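Okay, so the sequence shown: first residue is -15 according to this note's numbering, each after it adds one. Let me begin by presenting the structure, written as structure tokens, before commenting on it.
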Amino acid sequence: MPLPMVHMSITADIFKQRGTEIDPKFLLGSISPDAIHMRENTNRADKIRTHFDFNEDYTVEDFFNKMRPFVDLFPADPQWIMFARGYISHVLTDLIWSHTVYSDFQRKIANEQIENVRTLYYMETDQIDFNLFRLEPWRPQAWESLENCPSISVDDILTEEEVEKWKHRTLDWYTDTSKEPCIEPKYITEDSVRSFIKDTSRRLTRLFEGTGYK
-15 MPLPMVHMSI TADIFKQRGT EIDPKFLLGS ISPDAIHMRE NTNRADKIRT HFDFNEDYTV
45 EDFFNKMRPF VDLFPADPQW IMFARGYISH VLTDLIWSHT VYSDFQRKIA NEQIENVRTL
105 YYMETDQIDF NLFRLEPWRP QAWESLENCP SISVDDILTE EEVEKWKHRT LDWYTDTSKE
165 PCIEPKYITE DSVRSFIKDT SRRLTRLFEG TGYK
């Protein structure tokens, strides 16, 4: 699935369409489903749970409706509402990615002899994430906002500590040059990812606005 800079780029584009600054809680929510990686001895079932029983057979609209009660847990808490909208935007982005970019990646490599598909996938997506980190004009301000944004727990799903650890792991990852693959992606290109970001942010904006989530 897409890596943090893609999720945050979609968040940035959603708020750009609104003509407002990026909301820190929405930004935090947009990376938080993957905070499960900070749990010791985590397993596949844990990740499925943090991603609302993610299934590629869902339509985007059906999956969104499945998650709406999560957003509406605390309707009087604007901080929660923004965090929860960011959270479900992450999971919906994963679904759209699986239907588009990842499906296209699988098609391209289908007839090639590739020793380790997982390694190739993460090398290419990591490189694009590093490129976005360096090039996106909104990124420095977003980094400051995210760093100063208090983490919160997600009842029965993630602890506040797990969310906080993942936040700092994300903030620190891209300044460690040893993490960058330093390759030219071949199967998942930067242009295709930028198109995905643009298309997905618009799709999520329409979906949120169409159901009253302004």
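We put the CB at the ideal spot given by N, CA and C, even for glycine. In this text the structure is predicted, and so the values were computed from the model without any measurement.
Asked	Found
Among 71, 175, 22 and -8, which one has its Cα closest to the Cα of residue 192?	71
Would the beta-carbon of residue 125 be found less than 6 Å away from any heavy atom of the ligand HEM?	Looking for the ligand HEM in the displayed structure turns up nothing, as the structure carries no ligands at all.
Comparing alpha-carbon positions, which option in 139, 161 and 172 lies nearest residue 68?	139
Any beta carbon from chain E within less than 7 Å of residue 195's own beta carbon?	Absence of chain E from the displayed structure is noted, only one protein chain being present.
Using 7 Å as the threshold, is the C-beta distance between residue 8 and residue 74 below it?	no
What first and last residue would you give for the alpha helix (DSSP H) that runs through residue 86?	85 to 93
Use the C-beta contact count for residue 124: other C-beta atoms within 10 angstroms, 16 or more gives buried, fewer gives exposed.	exposed
Could you pull out every residue in the same chain whose Cβ sits closer than 6 Å to the Cβ of residue 165, ignoring the five residues on either side in sequence?	107, 110 and 111
I think residue 181 touches residue -7, with their Cβ atoms under 8 Å apart; what is that distance to the nearest whole Å?	5 Å
Compute the Euclidean distance between the alpha carbons of residue 101 and residue 59, then round it to the nearest angstrom.	43 Å
Quick check on residue 113: buried or exposed, where buried means 16 or more other Cβ atoms within 10 Å of its Cβ?	buried
So, do the stretch -4 to 12 and the stretch 182 to 191 have three or more beta carbon pairs nearer to each other than 8 Å?	yes
Given a cut-off of 7 Å, decide if residue 150 and residue 29 are closer than it, judged by their beta-carbon atoms.	no
Only counting the same chain, and skipping five residues up and downstream in sequence, which positions put a Cβ closer than 6 Å to that of residue 129?	8
Who does residue 138 pair with in a DSSP beta bridge?	142
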